[in-house]
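Have a look at the structure below before the remarks.
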Amino acid sequence: MKQKIIKAGPFSLAVVIPAVFIHALGINKGDTVIVETDSIKGIVKMRFKGSLLQLSLPESKIKKKSHPQKN
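Residues 1 to 71 (full-length UniProt numbering) are what the sequence shown spells out, left to right.
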């Protein structure tokens, strides 16, 4: 998923966290997050305290093949 980088302050930038992820983990404004960076690889990892709720998968738009029922 691509996200835009936005200005968060005079010397800060931010990336918006998708709402689906926020709701799934129960993240709130003011919560803390552990951030690990690797400037050589260009990677930022964030670890949230959120609860591990199971996300439901979206319904498939592919029609299921109906099988005749045996009597």
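Quick reminder that beta carbons are idealized off the backbone N, C-alpha and C, glycines included.
| field | Close-in-space but distant-in-sequence residues of the same chain around G30 (CB under 7 Å, 5 per side omitted) | value | Mapped onto the sequence shown, residue 30 falls at position 30. Result list for G30: empty, nothing under 7 Å.
| request: Figure out for me which residue from V15, F11, M46, A14 has the closest Cα to the Cα of T32. | output: By 1-based counting over the sequence shown, the position of residue 32 is 32. Taking only the C-alpha atoms, the option nearest T32 is M46.
| field | Closest residue to A19 among I27, I43, P10 (Cα-Cα distance) | value | Mapped onto the sequence shown, residue 19 falls at position 19. Put simply, of I27, I43, P10 the residue whose alpha carbon is nearest the alpha carbon of A19 is I27.
| Tell me which same chain residues have a C-beta within less than 6 Å of the C-beta of V44, skipping the five on either side of it? | One-based indexing of the sequence shown puts residue 44 at position 44. Result list for V44: T37, in chain order.
| Would a C-beta distance cut-off of 7 Å place V15 and I22 closer than the cut-off? | The residue given as residue 15 occupies position 15 in the sequence shown. The residue given as residue 22 occupies position 22 in the sequence shown. Not closer than 7 Å, so no.
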